[in-house]
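Take a look at the structure set out below.
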Amino acid sequence: MKQVSFRISHRPEIEYERVRELSIAYDKVSGRIEARLVVEVKTRENDGTGKAAVDLGETVLMACTFDDGNVILYSGRLIKCIRRYWQKVRANLKQNSRSWKQIAHREKKQIEHLLHVATSHFIEECVRHGVKEIVIGNLNGIRENIDYGEQLNQRLHVWPYRKLINMLKYKGELAGILVRDNVDEGSTSITCHACGKIMASNRRHRGLYVCSCGFKAQADVNGALNIYERAYKVSPVKGSSGRVARPAVVSYRLGWHGVAEPKHRDKTLCASA
Ligand SMILES: [Zn+2]
């Protein structure tokens with residue numbers, strides 16, 4: 000008989016009431032044995048009434064809109080970089096070989112860490128904004144943008160997003176926030192938030208959405224505003240100026256030790272002429 004010992008790390012910010020279960024599972028991809036501790040925790044009180052919407056993507060990992068029309072963006076560049084790097088390394092190795100699996104494991108751990116950084120920060124922002132409900136657009140839009148050198152299959156391509164949604168769900172629940180991910184994104188990325196026109200050609204390169212009505216916005220900002228409107232049947236509006244929001248956009252970069260504060264609050268990214 001072989002003896003196996005585990006070191007279980009827990010999240011210091013979460014107090015748990017009791018241990019419910021310890022499960023030990025074999026991870027097929029990494030070839031490792033993993034232990035999971037299932038604990039019961041107390042959820043935080045939440046008497047907020049606010050709403051938020053999230054658009055998931057690659058270059059911009061999350062574009063998040065609040066009721067006031069303000070938007071925060073979390074850059075996906077570091078995650079994209081890491082995935083590309085490890086894919087290049089893996090390309091020279093035999094699939095499912097020992098070293099291939101080790102690399103897959105390292106990649107997974109690095110990505111998961113960054114997803115924790117982003118989701119924890121966003122849930123705290125939601126608490127600060129008095130958010131009680133979050134909707135997330137579905138993953139259909141993400142399929143379009145596969146441009147990795149190595150042909151990735153769909154399952155591998157979307158796993159960070161599934162992971163991210165799961166993190167938002169459980170972290171949201173701990174903060175007393177309901178998280179839904181069943182909103183049909185449909186044509187939200189090609190619809191103009193200002194005039195409602197649906198034009199595929201409006202989605203210009205470099206991530207800018209430009210409409211003939213004069214509306215110009217970062218494409219992910221436009222997408223998030225539309226997902227909000229679709230989910231809640233009302234547009235996030237700042238002030239009484241009507242339907243067209245002029246959101247202040249704050250972009251965050253992800254780092255290993257947390258979210259980097261933006262150098263400047265960029266309002267020029269979203270403006271209606
Ligand atoms: Zn328009």
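Here numbering that gives the first Met the number 0 is used: the first residue of the sequence shown is 0, the next is one more, and so on.
All C-beta atoms in this analysis are idealised placements derived from N, C-alpha and C, irrespective of residue type, glycine included.
Bear in mind the structure is a predicted one, so any value in this text is a computation, not a measurement.
Check each residue's C-beta against every heavy atom of ligand 1 and list, in chain order, those closer than 6 Å.
C191, A193, C194, K196, C210, C212 and F214
Cα-Cα, which of R203, Y208, L224 and S200 is closest to I133?
L224
Contact the region 169-182 vs the region 92-112: 3+ CB pairs below 8 Å:
no
Would you kindly report the start and end of the unbroken beta strand (DSSP E) that includes T64?
V59 to F65
For the alpha helix (DSSP H) that contains S119, what are its first and last residues?
R97 to R127
Output yes or no for whether 8 Å exceeds the beta carbon distance between L207 and K196.
no
Touch check for the region 110-123 and the region 244-256: three-plus C-beta pairs under 8 Å?
yes
Excluding five sequence neighbours on each side, which residues of the same chain lie with their C-beta closer than 7 Å to the C-beta of N45?
K131, A174, G175 and I176
Does DSSP put A223 in a helix, in a strand, or in coil?
helix
Thinking C-alpha only, which one of A193, A218, S211 and C212 is nearest R203?
A218
For Q217: DSSP bridge partner residues
L207
Nearest-angstrom Cα distance between K211 and T190?
Lys is not the amino acid found at residue 211; the sequence shown has Ser there. Straight-line Cα distance between these residues: approximately 12 Å.
Residue nearest to Y160 in terms of C-alpha spacing, selected from S8, L55, A62 and D183:
L55
Span of the beta strand (DSSP E) holding A90?
Unbroken run through A90 is the alpha helix (DSSP H), R76 to A90; no beta strand (DSSP E).
Would you report the Cα separation of E260 and H192, rounded to the nearest angstrom?
28 Å
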